[in-house]
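What follows is one structure encoded as structure tokens, with my remarks underneath.
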Amino acid sequence: MQTAHLASQTDFTGWRAAARRFLMNSVPPSETIWTVEGDAADLLALDTTETARPASMAFSVPRAFLALAEDAIAYRDPARFTLLYELLWRLQQDKTLLSISFDPLVHRIGGMVKAVHRDKHKMHAFVRFREITENDGPRFVAWFEPAHYIVESNAAFFVRRFPNMRWSILTPDLCAHWDGAELAFSPGATIDMAPKDDRLEETWRSYYAAIFNPARLKVKAMTKEMAQKYWRNLPEAALIKPLIASAARTTGAMIAADATEALAHSQRMVEMAKPDLFADEPEDIRAIKKEAAHCKMCPLYKDATQTVFGEGPSDAEIMLVGEQPGDKEDLAGKPFVGPAGQLLDRALDDAGIDRDKTYVTNAVKHFKFTPRGKIRLHQKPNTSEIRACNPWLQRERAIVKPKLIIALGATAAQGVFGKAMPIGKNRGHMLTLDDGTTAMITVHPSYLLRVLDQDKDREYAAFVHDLKLAAKFTKRAKAA
Numbered sequence: 087m088q089t090a091h092l093a094s095q096t097d098f099t100g101w102r103a104a105a106r107r108f109l110m111n112s113v114p115p116s117e118t119i120w121t122v123e124g125d126a127a128d129l130l131a132l133d134t135t136e137t138a139r140p141a142s143m144a145f146s147v148p149r150a151f152l153a154l155a156e157d158a159i160a161y162r163d164p165a166r167f168t169l170l171y172e173l174l175w176r177l178q179q180d181k182t183l184l185s186i187s188f189d190p191l192v193h194r195i196g197g198m199v200k201a202v203h204r205d206k207h208k209m210h211a212f213v214r215f216r217e218i219t220e221n222d223g224p225r226f227v228a229w230f231e232p233a234h235y236i237v238e239s240n241a242a243f244f245v246r247r248f249p250n251m252r253w254s255i256l257t258p259d260l261c262a263h264w265d266g267a268e269l270a271f272s273p274g275a276t277i278d279m280a281p282k283d284d285r286l287e288e289t290w291r292s293y294y295a296a297i298f299n300p301a302r303l304k305v306k307a308m309t310k311e312m313a314q315k316y317w318r319n320l321p322e323a324a325l326i327k328p329l330i331a332s333a334a335r336t337t338g339a340m341i342a343a344d345a346t347e348a349l350a351h352s353q354r355m356v357e358m359a360k361p362d363l364f365a366d367e368p369e370d371i372r373a374i375k376k377e378a379a380h381c382k383m384c385p386l387y388k389d390a391t392q393t394v395f396g397e398g399p400s401d402a403e404i405m406l407v408g409e410q411p412g413d414k415e416d417l418a419g420k421p422f423v424g425p426a427g428q429l430l431d432r433a434l435d436d437a438g439i440d441r442d443k444t445y446v447t448n449a450v451k452h453f454k455f456t457p458r459g460k461i462r463l464h465q466k467p468n469t470s471e472i473r474a475c476n477p478w479l480q481r482e483r484a485i486v487k488p489k490l491i492i493a494l495g496a497t498a499a500q501g502v503f504g505k506a507m508p509i510g511k512n513r514g515h516m517l518t519l520d521d522g523t524t525a526m527i528t529v530h531p532s533y534l535l536r537v538l539d540q541d542k543d544r545e546y547a548a549f550v551h552d553l554k555l556a557a558k559f560t561k562r563a564k565a566a
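Under this note's numbering, think of the first position of the sequence shown as 87, with each following residue one higher.
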């Protein structure tokens, strides 16, 4: 028998060196023993390592195998070391083995890798930091219980996400620590070493309650994505069962409220939609903007600072339609001036579109939000609010007469097309509206601010690609 002693549960370098030695000496998988330093098996194992014989075979390793093995070695199963060596052993006889997905060993190891990836995703989603005070300032500490040995390989994600924050993630296996400059690891901890709450806990619970949508509640899907084993470490967990229990009652109240609101302003909407209302259409956007400043077509005007109307040249070839003004836009009275607007400006520039020559507006002209202390949390406009504001959008279109309308996000698409339009199915296609105008749907730039760090470059490139399609379309239309 041949024994390999590994320095840790994720000692891929040590495993690779031992596997190479075994393979070069024609040691079959059944004659290998794998131990990890500190484990009971390692402490009790006899040193049966034989003196390495001269290499009796040359071998090569597919690049895909190394990536597979590096992920699979984090799977919490002592047999993984032997299984990976067995796969390596068999690859010497069949170089195509990895492509045979129904092979039991390939299928098993593939499942191990998927489980590791899922666990990493859960860690990204369910780590909750709590603030503590140390002599040299605040530190944010989280407790997490991973299913597999993922802390070391997953720590870089949190370094990228929180580069300027001093933090520690405690787990039973291994603890990760970041001081703003260096990443370090220490032995596993116990849950009593983690803080129980902090000053922001109540704010987080209030935010979770505000964004919880009972009308879209699917308990099985929610508990599958957020397994109950994670609940005890989440500050919002105490709200989950009460929110689920009250979902049916809350949904009924929402339906009743929407119906009452619709009755209250439906007649005004009908009047606004009459064609003869625009018989004496103002000659420029400024007149419509002045009129919209006094809009009371839906309740949103009561809390918003002001109406945020569109802006840009009245002969623009491209009209960009967003969802609604955000906090910055509500205060400034101009569309797309906040973080999403700055990202939009960069994307337009990369796509070769001059924002100064485009008309930029929103499907809804008032900021919809929920106050949380000094913070105003964005809320998505509902269908009745989109419909109430649609006459303003139609009047903007009638003045500008753009060659192309770009709907940024689902709410904008609903405002432009008059119905729900799935982004994934319709994105990047040139679609024709009822009046013959061409329209295109893509994501809202705020979506790019929310995606995971490792996806940001890809999603931004896809957004710029959509805008480049728009630029090409307008050039062709102008040439025609």
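By construction, the Cβ of each residue, glycine as well, lies at the ideal position given by its N, Cα and C atoms.
Since the structure is predicted, the reported quantities are computational estimates derived from the model, not experimental observations.
- By the beta-carbon neighbour count (other beta carbons within 10 angstroms, threshold 16), E220 is exposed.
- Check the Cα spacing between R458 and each of E172, P148, D413: the tightest is with D413.
- Beta bridge pairing from DSSP links C261 with S272.
- Contact between the segment 496-512 and the segment 419-429 is absent: fewer than 3 CB-CB pairs across the two stretches fall below 8 Å.
- Under the three-pair Cβ rule at 8 Å, the segment 441-456 counts as touching the segment 380-398.
- At least 8 Å separates the beta-carbon of F271 from that of I255.
- Around the beta carbon of D125, a 10 Å sphere encloses fewer than 16 other beta carbons of the protein chains shown; the residue is thus reported as exposed.
- Restricted to the segment 179-224, the alpha helix (DSSP H) segments that are unbroken, complete and at least 4 residues in length are 190-212, listed in chain order.
- The straight-line gap separating the alpha-carbon atoms of A402 and E545 is approximately 27 Å.
- A residue is called buried once 16 or more other Cβ atoms fall within 10 Å of its Cβ, and F549 is buried on that count.
- Our two residues, V213 and D370, have alpha carbons roughly 52 Å apart in a direct line.
- Close CB contacts of A280 within its chain, under the 8 Å cut and outside five residues either way in sequence, are with R216, V227, A228, W229, L256 (chain order).
- In summary, Q540 is exposed, with fewer than 16 beta-carbon neighbours lying within 10 Å of its beta-carbon over all protein chains present.
- The continuous stretches of beta strand (DSSP E) do not include I472, which lies in the alpha helix (DSSP H) extending over residues 469-486.
- E156 and R252 have their C-alpha atoms spaced approximately 28 Å apart.
- Counting every other CB atom within 10 Å of its CB across the protein chains shown gives R204 a total below 16, marking it as exposed.
- Cα atoms of Q178 and I195: separation of roughly 17 Å, rounded to the nearest angstrom.
- Comparing alpha carbon positions, the residue from D552, R562, C381 closest to P477 is C381.
- G274 and G408 have their C-alpha atoms spaced approximately 47 Å apart.
- For Q88, the secondary structure class from DSSP, reduced to helix, strand or coil, is strand.
- Look at E397 here: in three-state DSSP terms it is strand.
- The C-alpha of E238 is placed about 16 Å away from the C-alpha of D265.
- A Cβ-Cβ contact shorter than 8 Å links R166 with I159.
- DSSP places H515 outside any beta strand (DSSP E), giving it a letter other than H or E.
- Rounded to the nearest whole angstrom, the C-alpha separation of T523 and P488 is 8 Å.
- For R462, the pairing in a beta bridge is given by DSSP as P457.
- Bounds of the beta strand (DSSP E) holding G408 are 404-408.
- Spanning the alpha carbons of F108 and Q88 requires a straight line of approximately 8 Å.
- Pairwise C-beta distances place the segment 468-482 out of contact with the segment 434-441, as fewer than three of them are shorter than 8 Å.
- Taking the Cα positions, Q428 is about 33 Å away from A566.
- Per DSSP, the continuous alpha helix (DSSP H) segment holding T497 begins and ends at 496-503.
- Distance between R176 and D163, taken at the CA atoms: about 21 Å.
- Counting along the chain, A548 sits inside the alpha helix (DSSP H) bounded by residues 539-565.
- With 16 or more other CB atoms across the displayed protein chains lying within 10 angstroms of its CB, E415 is buried.
- Around the beta carbon of T469, fewer than 16 other beta carbons lie within 10 angstroms, which makes this residue exposed.
- With a contact defined as Cβ atoms closer than 8 Å, I492 and I374 miss out at about 20 Å.
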